[in-house]
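**Q** Each position in the sequence shown, counted from 1, maps to that position plus 3 in the numbering used here. Heads up, the beta-carbon is just placed ideally off N, CA and C, and yes, glycines get one too. Take this structure, written in structure tokens, and hold onto it; I'll ask about it next.
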Amino acid sequence: MKLTYLLKCGELVLKGLNRRTFEDVMLAQLRTRLSSLGKFDIKAAQSTVYITPEQDIDEITAAEVLTRLQKLFGVVSVCVSYGAEKNMESIFEVARKYIAPELFACSTFKVEARRSDKKFPFNSPQICRDVGEVLLESCPHLTVDVHEPDAVVNVEVRETAAYLHIGSLPGAGGMPTGTGGKAGLLLSGGIDSPVAGWLMAKRGVKLVGIHFFSPPYTSDRAREKVIDLAKILSSYVGEFPVLIVPFTKIQELIRENCPEEYFTLIMRRMMMRIAQKLAFHNKCRALVTGESLGQVASQTMDALCSTDAVVDKMPVFRPLIGLDKEEIVRYSRKIGAFETSILPYEDCCTVFTPKHPKTRPQISELEKAEACLDVDALVKEAIEGTEKVIVCDFSI
4 MKLTYLLKCG
14 ELVLKGLNRR
24 TFEDVMLAQL
34 RTRLSSLGKF
44 DIKAAQSTVY
54 ITPEQDIDEI
64 TAAEVLTRLQ
74 KLFGVVSVCV
84 SYGAEKNMES
94 IFEVARKYIA
104 PELFACSTFK
114 VEARRSDKKF
124 PFNSPQICRD
134 VGEVLLESCP
144 HLTVDVHEPD
154 AVVNVEVRET
164 AAYLHIGSLP
174 GAGGMPTGTG
184 GKAGLLLSGG
194 IDSPVAGWLM
204 AKRGVKLVGI
214 HFFSPPYTSD
224 RAREKVIDLA
234 KILSSYVGEF
244 PVLIVPFTKI
254 QELIRENCPE
264 EYFTLIMRRM
274 MMRIAQKLAF
284 HNKCRALVTG
294 ESLGQVASQT
304 MDALCSTDAV
314 VDKMPVFRPL
324 IGLDKEEIVR
334 YSRKIGAFET
344 SILPYEDCCT
354 VFTPKHPKTR
364 PQISELEKAE
374 ACLDVDALVK
384 EAIEGTEKVI
394 VCDFSI
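Right under this line is the structure:
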């Protein structure tokens, strides 16, 4: 009788001949994710991953294991189960020892059985009836309610063992990180961009963060805030490189030489030029931004077209484009980023904001307005001054 975590896979089960490739990627990430918590026997079969600790683990470690498993992309649910030998006496013993104590706070329950091994001599209704009787003997205060029970006890009879558990916890869903390609995420210190990164990572995209830093207009605490947001994303995606781009000189030159109403748009165009080159150098195939249509002046349809005009080697993905702020905030809270995102340390996007920004710019007007800048030299200098920080933290 052993504690075993059952991970139920989501979209992976729909894959065809390359399904094993997706599973192998997820299993490799799973081993890395758990390596600092002890030794685990990990195997996959029948659209389920079985994780059994090879040593006793305390409650704190068990809770941390569960948290890390719930953040693994590719998993739709996590069950904390107890394995039993494939005979009814062993199943009854597990029910008495491990399942009954979890039912003390409940008033009603029911048993659901799934018999994947059709050679098992008892069918599902028999298993439900007999296990239910054992639990009623152990917990006389319980009654059976097959419609709206307080708890559902699951018995899964599989190829090598039987597993008992109560309900399941939600997983992160999506596809394993890296199976959807690689993209550069323009990561600010705000609410939107971490959510955009998380949504793309959920589709299997491996991320490289690109952050623009403008001291002294932005503080070291603003930089630390971005690294903290990167750590939150890292708890889902694993190793997460963040490229920190010096942007002060470019912003000052824009302020000194360009029309005020174009400040933000020219700044965004410079960011996109730099981000594309950095993404290309890091073998990315796309850029990801946290823009939502109409949220601010630089996110109108015309403004977005004007910034996209300087990106010619890869697509720009905007997973938040149709979401309103309340929806984005809900996602931010869900992934644990909101409290960090609202810390009062501003990023470079709020530096030199024009009083009356242009909302319907013409690309020709922008090209004329930024003609006074040595764009190629500024892009080159920013890239040469870029610092890479590798973030990897599963414990958040």
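Is the distance from the Cβ of P244 to the Cβ of I393 below 8 Å?
**A** Cβ distance < 8 Å, so P244 and I393 count as in contact.
**Q** Tell me, which residues are paired with F112 by DSSP?
**A** Bridge partners of F112: V147, A154.
**Q** Going by other Cβ atoms of all chains shown within 10 Å of its Cβ, with 16 needed for buried, is R276 buried or exposed?
**A** Buried.
**Q** Strictly by DSSP, which residues pair up with R271?
**A** The partner list for R271 (beta bridge, DSSP) is empty, contrary to what the question assumes.
**Q** Could you work out which residue in L296, K252, D148 is closest to E384 when comparing CA atoms only?
**A** Among L296, K252, D148, the Cα nearest to that of E384 is on K252.
**Q** Between the alpha carbons of H359 and L236, how many angstroms are there, rounded?
**A** Between H359 and L236, the C-alpha separation is close to 35 Å.
**Q** How many Å lie between C351 and G193 at the Cα?
**A** Going from the Cα of C351 to the Cα of G193 covers about 11 Å.
**Q** Contact between the region 256–269 and the region 215–232: three or more CB pairs below 8 Å?
**A** Counting Cβ pairs under 8 Å, fewer than three are found: no touch.
**Q** Report the rounded CA-to-CA distance for F215 versus I102, giving the unit in angstroms.
**A** Whole-angstrom Cα-Cα distance: 52 Å.
**Q** Once DSSP output is grouped into helix, strand and coil, what is the label at Y220?
**A** Looking at Y220 - three-state DSSP - the assignment turns out to be coil, as it is neither helix nor strand.
**Q** Given a threshold of 16 other Cβ atoms within 10 Å of its Cβ, counted over all protein chains shown, does E294 qualify as buried or as exposed?
**A** Per the 10 Å Cβ criterion, buried.
**Q** Pick from Q49, T64, Q32, G77: whose alpha carbon is nearest that of G13?
**A** Of the listed residues, the one whose Cα sits closest to G13 is G77.
**Q** Please work out which residues of its chain come closer than 6 Å, Cβ to Cβ, to W201, disregarding the five sequence neighbours upstream and downstream, and give them in chain order.
**A** If we look at W201 and ignore the five residues flanking it on each side, its Cβ neighbours are I338.
**Q** Along the chain, which unbroken stretches of the beta strand (DSSP E) at least 3 residues long are found entirely within the region 65–116?
**A** Counting whole runs of 3 or more residues, the region 65–116 contains the beta strand (DSSP E) stretches 78–87.
**Q** From M91 to K113, what distance separates their C-alpha atoms?
**A** Taking the straight line from one Cα to the other gives about 18 Å.
**Q** Looking at the structure shown, is F341 part of a helix, part of a strand, or coil, going by DSSP?
**A** If DSSP states are grouped into helix, strand and coil, F341 belongs with the helices.
**Q** Kindly indicate which three-state DSSP category D44 falls into: helix, strand or coil?
**A** Here D44 sits in strand by DSSP.
**Q** Under the three-state reduction of DSSP, which class applies to M29: helix, strand or coil?
**A** Three-state result, M29: helix.
**Q** Out of E96, E162, I169, F123, state which residue places its alpha-carbon closest to the alpha-carbon of S141.
**A** For S141, the nearest C-alpha among the options comes from E96.
**Q** Roughly how far, in whole angstroms, is the beta-carbon of V155 from the beta-carbon of R118, given that I think they are within contact range, below 8 Å?
**A** Not really, about 17 Å apart at Cβ, beyond 8 Å.
**Q** Could you name the residues of the same chain whose beta carbon sits closer than 6 Å to that of S171, not counting the 5 residues immediately before and after it, in chain order?
**A** Correct list, in chain order: S80, C82.
**Q** What's the call for E162, buried or exposed, on a 16-neighbour Cβ count within 10 Å?
**A** With fewer than 16 other Cβ atoms within 10 Å, it is exposed.
**Q** For T292 and V147, what's the separation of their Cα atoms in angstroms?
**A** Between T292 and V147, the C-alpha separation is close to 51 Å.
**Q** Can you tell me where the beta strand (DSSP E) with E390 in it begins and where it stops?
**A** Here the beta strand (DSSP E) through E390 covers 390–394.
**Q** Counting only runs of 3+ residues fully inside the region 238–297, write out the beta strand (DSSP E) ranges in chain order.
**A** The region 238–297 contains these whole beta strand (DSSP E) runs: 243–249, 289–291.
**Q** Distance, Cα to Cα, A204 vs G297?
**A** Rounded to the nearest angstrom, the two C-alpha atoms are 24 Å apart.
**Q** Can you grab the Cα-Cα spacing for the pair Q49 / G241, in whole Å?
**A** Straight-line Cα distance between these residues: approximately 26 Å.
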